[in-house]
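Q:
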Ligand code: GLU
């Protein structure tokens, strides 16, 4: 078969293409393990499913769903499920691969996986949303499980959706399998601290990044793109540390205030359907102008491919904290590095979510639940240890934090691959 017919060939400017370039950049630092590097460029398994549901008006609608298990050398697959109208197999492949790197970077005993449905959940009733979730879960039920692949929330999915997934899987296996998904409601085997964990990790790694470049958080100006679970929590924690949130962009538009947006009022409004632009304590500007707002820290916490070369050239930020997965394209990465802008890459910056997912999974298996302080202390420790190790690697090889994170993670993944050996 011709190579460009393979499902692993990237389309131009795609997240999967970005990921493949990121892997190419780390190969020179892998030594003899580079022999195994092709394994990083090929998802282990990809499942495409049809998700038919009966809509409230009596019509039958079909949605396309995916679950990709990128790599399971170090443990069961782990990664969220995304509901979004732009979801494609190739996007889910990239997201699953970033989970492989992320779980290895923080040394969690997991591989990487991801799922998604091409659907706009904002156009579904609650009942339709439940049907889509349950049918999708049942369809991917042949490859997920508490010891094989554990889904979690991602863009547009939440604790309620995880409860439906857990229930559907449990009904199909004839028991209650709380460990099959993480990010569940608290009284269904969820963990304290999970909702805020990703934003908290962005703050912890960002605070350390700021310290290392001598940027005082007090008075620092921050622009946040994406104001969901990740962006809004990170913004709150930075504001508590004395920073000013000068710009916020969500799916409704962009709002700015050079004196700092009042988050105690903005966050409840941004959670409603009216979104951030209905907040009166700032000025609404066109979305494209978000990238021109003077700031010290930029937090992309929405979707992939947002920091393009052009945007990288003009940002005034000294520090970029990747709350989203894959927000920076490789060309922009190079421009930021040349301009001396420090990027804390997604695969460590937003790893707080999957780290507390791991705590949740461990708590479910032991049926013993920790208090929130214990969760947060352990989260901070894991994130800081991982980041410090990555920083040492970056200093040693004089490489960016992204390539250093890949070096640390890929060594772990490929070492496991080599030790396990090829079957048969
Ligand atoms: N969706 C989150 C991520 O991209 C969390 C995944 C998880 O908790 O498994 O890291």
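Residue numbers (the numbering used here): 11 to 434. Virtual Cβ for every residue (Gly too), placed ideally from N, Cα, C. The structure presented is a predicted model; accordingly, all values stated were derived computationally and were not measured.
1) Spatial neighbours of residue 228 within its chain, please: CB distance less than 8 Å, with the 5 preceding and 5 following residues excluded, ordered by chain position.
2) Can you tell me whether residue 41 is buried or exposed, with buried defined as 16 or more other CB within 10 angstroms of its CB?
3) By Cβ distance below 7 Å, which residues in the same chain neighbour residue 134 in space, the five residues on each side in sequence not counted?
4) How many Å lie between residue 259 and residue 404 at the Cα?
5) Tell me whether residue 431 is buried or exposed, calling it buried when 16 or more other Cβ atoms sit within 10 Å of its Cβ.
6) Going by DSSP, what residues sit across from residue 259 in a beta bridge?
7) Excluding the 5 residues flanking residue 11 on each side, which residues of the same chain have their C-beta closer than 8 Å to its C-beta?
8) I'd like the list of long-range same chain contacts for residue 70, defined as Cβ closer than 7 Å, with 5 residues on each side in sequence excluded.
9) Beta-carbon within less than 8 Å of residue 190's beta-carbon, same chain only, minus the 5 sequence neighbours each way: which residues are those?
10) Output the boundary residues of the alpha helix (DSSP H) element that contains residue 362.
11) Could you check whether the Cβ of residue 159 sits closer than 8 Å to any heavy atom belonging to the ligand GLU?
12) Between which two residues does the beta strand (DSSP E) containing residue 436 stretch?
13) If you pair each beta-carbon of the segment 200-213 with each one of the segment 358-374, do three or more pairs fall below 8 Å?
14) Looking at residue 425 and the ligand GLU, is the gap between the Cβ and the nearest heavy atom below 8 Å?
15) Would you report the Cα separation of residue 85 and residue 271, rounded to the nearest angstrom?
16) Assuming residue 240 contacts residue 315 (C-beta within less than 8 Å), just tell me the rounded distance between them.
17) Let me know the secondary structure DSSP gives residue 431 once reduced to three states.
18) Quick one: any contact between the segment 182-201 and the segment 109-118, if contact means 3 or more CB pairs under 8 Å?
19) Taking the alpha-carbon positions, what's the residue 305 to residue 344 distance?
20) Taking the alpha-carbon of residue 378 as reference, which of 273, 196, 331, 74 has the nearest alpha-carbon?
21) Taking all protein chains shown into account, decide if residue 73 is buried (16 or more other Cβ within 10 angstroms of its Cβ) or exposed.
22) Specify, as a first and last residue, the run of the alpha helix (DSSP H) that residue 94 falls within.
23) From 36, 16, 17, 15, pick the residue whose C-alpha is nearest to that of residue 423; which is it?
24) Which of helix, strand or coil does DSSP assign to residue 271?
25) Could you say if the segment 315-332 and the segment 377-396 meet the contact criterion of at least three C-beta pairs nearer than 8 Å?
26) Is it buried or exposed for residue 16, if we count other Cβ within 10 angstroms and need 16 for buried?
27) Nearest to residue 265 by CA position, among 146, 100, 233, 90, is which residue?
28) Just confirm the distance between the C-beta atoms of residue 192 and residue 370, as a whole number of angstroms; I'd bet it's less than 8 Å.
A: Looking at the coordinates:
1) Residue 228 sits at position 218 when you count from the first residue of the chain shown. Around residue 228: 251, 252, 253.
2) Against the chain shown, residue 41 aligns to sequence position 31. Answer is exposed; the Cβ neighbour count stays below 16.
3) Counting from one through the chain shown, the residue named residue 134 turns up at place 124. Correct list, in chain order: 142.
4) Here the question's residue 259 lines up with position 249 in the chain shown. Here the question's residue 404 lines up with position 394 in the chain shown. Spanning the two alpha carbons is a distance of roughly 32 Å.
5) What you label residue 431 is simply residue 421 of the chain shown in a count that begins at 1. It counts as exposed.
6) In the chain shown, residue 259 corresponds to position 249, counting from 1. Secondary-structure assignment with DSSP links residue 259 through a beta bridge to 235, 264.
7) Taking the chain shown and counting its residues from 1, one reaches residue 11 at position 1. With a pLDDT of 45 at residue 11, under the threshold of 50, the modelled position of this residue cannot be trusted; read the value that follows with caution. Counting only Cβ-Cβ distances below 8 Å, and skipping sequence neighbours, we find nothing.
8) Taking the first residue of the chain shown as 1, we reach residue 70 at position 60. Hits under 7 Å: 62, 64.
9) What you label residue 190 is simply residue 180 of the chain shown in a count that begins at 1. Taken in chain order, the residues that qualify are 154, 155, 156, 160, 161, 175, 176, 179, 180.
10) Position 352 of the chain shown, counting from 1, holds the residue named residue 362. Run containing residue 362: 362-376, per the alpha helix (DSSP H) assignment.
11) Your numbering for residue 159 matches position 149 in the chain shown. For the ligand GLU, not one heavy atom lies less than 8 Å from the Cβ of residue 159.
12) Outside the displayed span of the chain (11 to 434) sits residue 436, for which this structure offers no information.
13) Between the segment 200-213 and the segment 358-374 there are three or more inter-stretch CB-CB distances shorter than 8 Å, so the stretches are counted as touching.
14) Here residue 425 is taken as the residue at index 415 of the chain shown, counted from 1. No, the Cβ of residue 425 stays beyond 8 Å of every heavy atom of the ligand GLU.
15) Looking up residue 85 in the chain shown gives position 75. Looking up residue 271 in the chain shown gives position 261. Cα to Cα, the separation comes out at about 43 Å.
16) For the purposes of this step, residue 240 is taken as residue 230 along the chain shown, with counting starting at 1. For the purposes of this step, residue 315 is taken as residue 305 along the chain shown, with counting starting at 1. At roughly 17 Å, the Cβ-Cβ gap does not stay under 8 Å, so residue 240 and residue 315 are not in contact.
17) Mapped onto the chain shown, residue 431 falls at position 421. Note: residue 431 maps to coil in three-state DSSP.
18) Contact between the segment 182-201 and the segment 109-118 is not established, with fewer than three Cβ pairs separated by less than 8 Å.
19) Mapped onto the chain shown, residue 305 falls at position 295. Mapped onto the chain shown, residue 344 falls at position 334. For residue 305 and residue 344, the distance between alpha carbons rounds to 20 Å.
20) Here residue 378 corresponds to residue number 368 of the chain shown, with the count starting at 1. Taking only the C-alpha atoms, the option nearest residue 378 is 196.
21) As a position in the chain shown, residue 73 is number 63, starting the count at 1. Burial call: buried.
22) As a working note, residue 94 is residue 84 in the chain shown. Per DSSP, residue 94 belongs to no alpha helix (DSSP H); it is in the beta strand (DSSP E), 87-94.
23) For the purposes of this step, residue 423 is identified with residue 413 of the chain shown, where counting begins at 1. Nearest C-alpha to residue 423: 36.
24) Looking up residue 271 in the chain shown gives position 261. Coil, per DSSP.
25) When C-beta atoms of the segment 315-332 are compared with those of the segment 377-396, fewer than three pairs fall below 8 Å, so the two segments do not count as touching.
26) The count along the chain shown starts at 1 and reaches residue 16 at position 6. Answer is exposed; the Cβ neighbour count stays below 16.
27) Position 255 of the chain shown, counting from 1, holds the residue named residue 265. The shortest Cα separation from residue 265 among 146, 100, 233, 90 belongs to 233.
28) As a first step, residue 192 is located in the chain shown; it is residue number 182 there, counting from the start. As a first step, residue 370 is located in the chain shown; it is residue number 360 there, counting from the start. Indeed they touch by this definition, with Cβ atoms about 4 Å apart.
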